[in-house]
Amino acid sequence: MVRTGITRLVSAAGTLAITAALAIGLAPGTAQAAPKPKPAAKPTTISITGKDVSSKILVQQQGQSRLFGTLLSEVSWMASASGQTSAPKAAKLGPKYTLTVLNKSTPMQVYDLYPMAAGGPRVHRPTPQPYAKKADAWFYGRLTMSESLRISGVPLKPKPDVAGGGIGGGIGQNLDADELDPVAGVNGFLDQMRRLLLLNGAVLFAILTGLAGIAFMVRRRV
Numbered sequence: 002m003v004r005t006g007i008t009r010l011v012s013a014a015g016t017l018a019i020t021a022a023l024a025i026g027l028a029p030g031t032a033q034a035a036p037k038p039k040p041a042a043k044p045t046t047i048s049i050t051g052k053d054v055s056s057k058i059l060v061q062q063q064g065q066s067r068l069f070g071t072l073l074s075e076v077s078w079m080a081s082a083s084g085q086t087s088a089p090k091a092a093k094l095g096p097k098y099t100l101t102v103l104n105k106s107t108p109m110q111v112y113d114l115y116p117m118a119a120g121g122p123r124v125h126r127p128t129p130q131p132y133a134k135k136a137d138a139w140f141y142g143r144l145t146m147s148e149s150l151r152i153s154g155v156p157l158k159p160k161p162d163v164a165g166g167g168i169g170g171g172i173g174q175n176l177d178a179d180e181l182d183p184v185a186g187v188n189g190f191l192d193q194m195r196r197l198l199l200l201n202g203a204v205l206f207a208i209l210t211g212l213a214g215i216a217f218m219v220r221r222r223v
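According to the working numbering, the stretch in the sequence shown is residues 2 to 223, in order.
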């Protein structure tokens, strides 16, 4: 009986050892079999087509990061937003420019931009989008849209009075050193103030001279 008991213990220990070895051997395989989530695709290129654009305009994130970021900021917030307005009348939209956001050569988002629309810029997000079926929606575009497109190469009239994120200040344009020199700006301001004070002084002197003349005449008559 003792021998039988020992045999059973050895057999049970062997079974446990085999089971443990199989578990250890299969664990790495199971971990390797689990697929890693793919990183989300990031925009790398923006293309623009539309009225009077003879060839497609391409703006690359690499090498044109500032302009690329400016264009992307015009539309990226609309990717998952709900529409803000109803579709305007076609006659009031003006020229259309299609802006496509791509990852390398794969489209990610597509928008129709109307920078000259009556009442301010408008944007149309058509459906479906390349990566998802989004609801057809219309949005109010930013006032900087026209300048952003013009700096990219779209033939639009400049709007230097438009301000916001530096667009109206002339992104992509060469500025003279004098325009960026704070000392020159202060000197110009002081020069203008000096002229204003001299002019005011001359006017005040003329008024006082006139009053003195009137007082002298009145005194002589009295």
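Glycine included, each C-beta is placed from N, C-alpha and C at the ideal position.
All values reported here derive from a predicted model rather than from experimental measurement.
* How should Y141 be labelled, buried or exposed, when 16 other C-beta atoms within 10 angstroms of its C-beta is the threshold for buried? -> exposed
* Residue nearest to Q85 in terms of C-alpha spacing, selected from S106, M109, R126 -> R126
* So which of P131, K97, G95 has the shortest CA-CA distance to V111? -> P131
* To do: Please name the residue in D113, N104, M218, P108 whose C-alpha comes closest to that of Q91.
  => Checking the displayed sequence, the identity of residue 91 turns out to be Ala instead of Gln. Ranking the options by Cα distance to A91, first place goes to D113.
* Asked: Counting along the chain, where does the alpha helix (DSSP H) carrying M146 start and finish?
  -> 146-153
* **Strand pairing of A138, partner residues [DSSP]** => R126
* Tell me, which residues are paired with P159 by DSSP? -> According to DSSP, P159 bridges with nothing at all.
* Could you tell me the distance, in whole angstroms, from the CA atom of A133 to the CA atom of L157? => 32 angstroms
* What separation, rounded to the nearest whole angstrom, lies between the Cα atoms of G154 and Y98? -> 12 angstroms
* Asked: So, helix, strand or coil for T210, using DSSP?
  -> helix
* DSSP puts L114 in a beta bridge; with which residues? -> Y98, V124
* **Limits of the unbroken alpha helix (DSSP H) element including S66** => 66-76
* The beta strand (DSSP E) with G51 in it runs from where to where? -> 46-51
* To do: Using three-state DSSP, classify V60 as helix, strand or coil.
  => strand
* Identify whether A185 lies in helix, strand or coil by the three-state DSSP scheme. => Per-residue confidence for A185 stands at a pLDDT of 47, beneath the threshold of 50, marking its modelled position as unreliable; no derived number is given.
* Among K105, K37, F69, T128, which has the Cα closest to the Cα of A80? -> T128
* With distances taken from CA atoms, which of G214, S55, V54, T101 is nearest S77? -> T101
* Under a Cβ-count criterion, where at least 16 other Cβ atoms within 10 Å of its own Cβ denotes burial, should F69 be classed as buried or exposed? -> buried
* Pick from P116, L103, A88, T107 that is closest to G95, judged by C-alpha positions -> P116
* Considering only the beta carbon of each residue, do T45 and Q62 sit closer than 7 angstroms? -> yes
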